[in-house]
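Q: Counting from 1, one number per residue, gives the positions in the sequence shown under the UniProt record's numbering.
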Amino acid sequence: MNITHMLILVLGLTAATFFILFVVYIFFYRKRMINTELEDIESSEQKHGDMVQRECLITFQAGEALTICDILDAPGEVIGKSNYGTLYKALLQRSNAIRLLRFLRPVCITRGKEFDDVISLLGCIRHSNLVPLLGYYAGPRGERLLVYPFYRHGNLAQFIKDGNGDSHKWAIICRISIGIAKGLEHLHTGLEKPIVHGNLKSKNILLDRNYEPYISDSGLHLLLNLTAGHEMLEASEAQGYKAPELIKMKDASEETDIYSFGICLLELLSGKEPINQHPTPDEDFYLPNFMRNAVLGNRIADLFHPDILLSRSRDHDENPVTEELILKFFQLAMACCSPSPSLRPNIEQVLWKLEEIVK
Ligand SMILES: *[C@@H]1O[C@H](CO)[C@@H](O)[C@H](O)[C@H]1NC(C)=O
Numbered sequence: 001m002n003i004t005h006m007l008i009l010v011l012g013l014t015a016a017t018f019f020i021l022f023v024v025y026i027f028f029y030r031k032r033m034i035n036t037e038l039e040d041i042e043s044s045e046q047k048h049g050d051m052v053q054r055e056c057l058i059t060f061q062a063g064e065a066l067t068i069c070d071i072l073d074a075p076g077e078v079i080g081k082s083n084y085g086t087l088y089k090a091l092l093q094r095s096n097a098i099r100l101l102r103f104l105r106p107v108c109i110t111r112g113k114e115f116d117d118v119i120s121l122l123g124c125i126r127h128s129n130l131v132p133l134l135g136y137y138a139g140p141r142g143e144r145l146l147v148y149p150f151y152r153h154g155n156l157a158q159f160i161k162d163g164n165g166d167s168h169k170w171a172i173i174c175r176i177s178i179g180i181a182k183g184l185e186h187l188h189t190g191l192e193k194p195i196v197h198g199n200l201k202s203k204n205i206l207l208d209r210n211y212e213p214y215i216s217d218s219g220l221h222l223l224l225n226l227t228a229g230h231e232m233l234e235a236s237e238a239q240g241y242k243a244p245e246l247i248k249m250k251d252a253s254e255e256t257d258i259y260s261f262g263i264c265l266l267e268l269l270s271g272k273e274p275i276n277q278h279p280t281p282d283e284d285f286y287l288p289n290f291m292r293n294a295v296l297g298n299r300i301a302d303l304f305h306p307d308i309l310l311s312r313s314r315d316h317d318e319n320p321v322t323e324e325l326i327l328k329f330f331q332l333a334m335a336c337c338s339p340s341p342s343l344r345p346n347i348e349q350v351l352w353k354l355e356e357i358v359k
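1) Consider the C-beta atom of HIS78 and the heavy atoms of ligand 1; say whether any pair is separated by less than 7 Å.
2) What's the gap between the Cα of ASN346 and the Cα of CYS69?
3) For LYS169, is the classification buried or exposed, using 16 other Cβ atoms within 10 angstroms of its Cβ as the cut-off for buried?
4) Rounded to a whole number of angstroms, what is the C-alpha to C-alpha distance between LEU246 and SER236?
5) Counting only runs that start and end within the stretch 98–129, where is the alpha helix (DSSP H) found for 4 or more residues in a row?
6) I need the DSSP call for GLU77, collapsed to helix, strand or coil.
7) Less than 8 Å separating the beta-carbons of TYR84 and ARG105?
8) With DSSP as the reference, label ALA16 as helix, strand or coil.
9) Is ASN83 near ligand 1, going by C-beta to nearest heavy atom under 7 Å?
10) Closest by CA to GLY271, which one among ALA243, ASP307, VAL295 and ASN298?
11) Please classify VAL147: does DSSP put it in a helix, a strand, or coil?
12) Just to check, is the beta-carbon of ASN225 closer than 7 Å to a non-hydrogen atom of ligand 1?
13) Do you know whose CA, among LYS182, HIS186, PRO288 and THR67, lies nearest LYS353's CA?
14) Please state the DSSP three-state secondary structure of TYR136.
15) By a C-beta neighbour count over all protein chains shown, 10 Å radius and 16 as the cutoff for buried, is GLU143 buried or exposed?
16) On the three-state DSSP scale, how would you describe PRO341?
17) Going by the C-beta, is ALA238 closer than 7 Å to any heavy atom of ligand 1?
18) Using 8 Å as the Cβ pair cut-off and three pairs as the minimum, do the stretch 81–97 and the stretch 54–72 touch?
19) Using the beta-carbon count (16 or more within 10 Å), is ALA138 buried or exposed?
20) What did DSSP end up calling LYS182 once you bin it into helix, strand or coil?
21) Identify every residue that forms a DSSP beta bridge with PRO213.
22) Find the nearest neighbour of SER216 within the set GLY179, GLN277 and ALA335, judged by alpha-carbon distance.
23) Would you check if there are 3 or more beta carbon pairs closer than 8 Å linking the stretch 116–135 to the stretch 243–260?
24) For GLY76, does the count of other Cβ atoms within 10 angstroms reach 16, so buried, or fall short, so exposed?
25) Taking 7 Å as the cut-off, is the beta-carbon of GLU234 closer than that to any non-hydrogen atom of ligand 1?
26) At a threshold of 7 Å, does VAL107 count as lining ligand 1 (C-beta to nearest heavy atom)?
27) Beta carbon of GLU231: closer than 7 Å to some heavy atom of ligand 1?
28) For the putative contact between LEU134 and GLY63, defined by C-beta atoms under 8 Å, what is the C-beta separation to the nearest angstrom?
29) Within 7 Å: the Cβ of ALA228 and any heavy atom of ligand 1?
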């Protein structure tokens, strides 16, 4: 072997070694992501004298196959942050399934048995329009992770904002509204003890490819301490979903859920956001007030997106949309947003009305 061959061989081997090291590094770095993320968050929180707890994983229907390693070794990507926690999109390595992981900050949660009771309650809720809780992990340093399915088609807020043609189709508006109402009906009337959603908004309504809606974050406020719950309520107010009578999150009720639901209906119908960030001097900030003024001022064109009526001729539906149906839908939405809780319909009345409109 001459010296050139030798040199090539050495260089080749060195390159190969570096490549292998790089691959190994990437592999382990990716694999440790959820773990690493949690440690980062943990170290930035003040330690609050908690004893080391036992690590545990509780799984619920359709989550039975989960293991602690699946969850902690999943490479994860942060997709949302709030005062009380962080949302990750994580790829479970063994099953190759994508899951949504919600990390709850230890300082924000209710303590002790109450937390566990709420988890078992939430874990048992199953309905075709509610996002199921698949599992729950508690770590040795008080870290908590909730595991949910991941819905790759995004949420209702994005869908309305993107304004693609489908969001102005009457049939789709009706399907989404009825689906949300059915999910909410299950929470309010289908369980042994009613669960108040507490944070209903279009961002918490996930969609599948057929635009079937799934309500997420049901009863999450029940896991939070009073301060964190209050912060959630303030966020809901800033986004325009808080019923006017609601002062403390612990007073959230079925009526306040109905108010938030009414806002979602108005969003669907008008394509507008619940709070107008840039109102002109004669426009109201809040969507229901804006609508009320539009009615008083006889500005019917402001009540719903004009394309909804246009879709009539294109779709060849057996149930064509009419202005009359749209106005009935609008009146229902406004009744849900009534300033007085006692004037709002309950969820059964809502569903009954919606089914009558769609029929
Ligand atoms: C509740 O959560 C907040 C964070 O939202 C935290 O600052 C506070 O210490 C917690 N309060 C209690 C009593 O644990």
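Think of the CB as a built atom: it goes at the ideal place given N, C-alpha and C, for glycine as much as any other residue. The model shown is predicted, which means the values in this text are computed figures rather than measured ones.
A: The relevant details are as follows:
1) According to the sequence provided, residue 78 is Val. The question's His does not apply to it. False, no ligand heavy atom lies under 7 Å from that Cβ.
2) 44 Å
3) buried
4) Whole-angstrom Cα-Cα distance: 11 Å.
5) 113–123
6) strand
7) yes
8) Looking at ALA16 - three-state DSSP - the assignment turns out to be helix.
9) yes
10) ASP307
11) strand
12) yes
13) LYS182
14) DSSP places TYR136 in strand when its eight states are reduced to three.
15) buried
16) If DSSP states are grouped into helix, strand and coil, PRO341 belongs with the helices.
17) no
18) yes
19) buried
20) helix
21) LEU207
22) GLY179
23) no
24) Label assigned to GLY76: buried.
25) Set against 7 Å, the gap from the CB of GLU234 to the closest heavy atom of ligand 1 is not smaller.
26) yes
27) At least one heavy atom of ligand 1 lies less than 7 Å from the C-beta of GLU231.
28) 3 Å
29) yes
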